[in-house]
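Accompanying notes for the structure given below.
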């Protein structure tokens, strides 16, 4: 009887230890899977976000979004881009855009009654180039197809997050170490470009549709993915000479309107389907003194969309 009682206690103790070990293993596995799924979700979101800054667009050239509630996160986007024909006699069109984005989601998850919140900062650099050709419809209106190629690279403060998670939970998040994303996109755009230049007023209007699918390459397994980047935009600018003369040329006032509808994966990704911009500024004509920078513009813009609004200052130069 004592021997039977001893064996029963031994078996019971072993069962308890196995249950604890399995529970800890399950907890670690659950946290690992939750973190992996969360990282993949945020990586897909960031790839989608890069689609907002693939082409020259005044509505997203400088964009900062902050939301302290819910599951939304801080986002800063800034880009530099432009494009033009080589000349009126040789209508080859070239464009390029460089963008820097910073995305700051919070990794939050828990096992049982405990939770872990770790900031995971994402930083990306993207570059997009385009080459097109102008087909005249009238003397002022042109049809312009454009072929676009995009390359991007993303890095995150992921090693810090990995150490914090490991220290707080004892779970070794090896998949977080060296988390990175390389992406490329091949697509195109079509544009209608209207230019009506007269001494008393200059008018530019562009209507554009862009489709650049983005995919990952040479990327950590946890963050592989793709995004469908599409947008339709209209942009208009009027420049009117003032009585003020600087550098032997009249100083111009600038009025600008722009509206972009985001399509595909971009639609609603940041809580809005479109962005609009109204702006005004001045333009200095330097063609009489500087043949490189013909004109320099400073434009103050007010941008707005569903649940978002803000202001920006744009600086541009014409060659």
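Residue numbers (the working numbering): 243 to 561.
Don't be surprised by glycine CBs; every beta carbon is placed ideally from N, CA and C.
### Query
Do the stretch 508 to 515 and the stretch 477 to 488 meet, that is, are 3 or more Cβ pairs less than 8 Å apart?
no
### Task
Could you say which of 449, 495 and 541 lies nearest to residue 501 if we only look at CA atoms?
449
### Message
Just verifying my parser: in three-state terms, what is the DSSP assignment at residue 425?
### Response
It is a strand residue.
### Query
What are the boundary residues of the beta strand (DSSP E) that residue 365 is part of?
Secondary structure note for residue 365: its beta strand (DSSP E) is the uninterrupted segment 364 to 375.
### Task
Would you tell me roughly how many angstroms separate the C-alpha atoms of residue 536 and residue 428, rounded to the nearest one?
For the pair residue 536 and residue 428, the Cα-to-Cα distance works out to about 33 Å.
### Message
Just to confirm my understanding: we take residue 558, look at its own chain, exclude 5 residues before and 5 after, and list those with CB closer than 6 Å. What are they?
### Response
539
### Task
Sort out for me which residues DSSP pairs residue 499 with in a bridge.
DSSP lists 478 and 520 as the beta-bridge partner residues of residue 499.
### Query
When you compare only the Cα positions, how much space is there between residue 555 and residue 541?
6 Å
### Query
Going straight from the alpha carbon of residue 460 to that of residue 387, what length do you get?
Straight-line Cα distance between these residues: approximately 30 Å.
### Query
Taking Cβ positions, are residue 493 and residue 524 nearer each other than 8 Å?
yes
### Message
Please state the DSSP three-state secondary structure of residue 473.
### Response
Residue 473: strand per DSSP, three-state reduction.
### Task
Could you round the C-beta distance between residue 456 and residue 293 to whole angstroms and report it? I think they count as a contact, below 8 Å.
6 Å
### Task
Would you mind giving the Cβ-Cβ distance between residue 504 and residue 550, rounded to the nearest angstrom? I have them listed as a contact below 8 Å.
Not really, about 12 Å apart at Cβ, beyond 8 Å.
### Query
Where does residue 295 fall in DSSP's three states?
helix
#### Entry: Residue-chain proximity (residue 486, chain D), Cβ-Cβ < 8 Å
Here chain D cannot be found, since the structure has a single protein chain.
### Query
In three-state terms, what does DSSP make of residue 380?
coil
#### Entry: Beta-carbon contacts of residue 489 that lie in its chain and below 8 Å, excluding the five residues immediately before and after
Taking residue 489 as the centre and dropping the five residues before and after it, the same chain places the C-beta of 526, 527, 528, 530 and 531 closer than 8 Å to its C-beta, in chain order.
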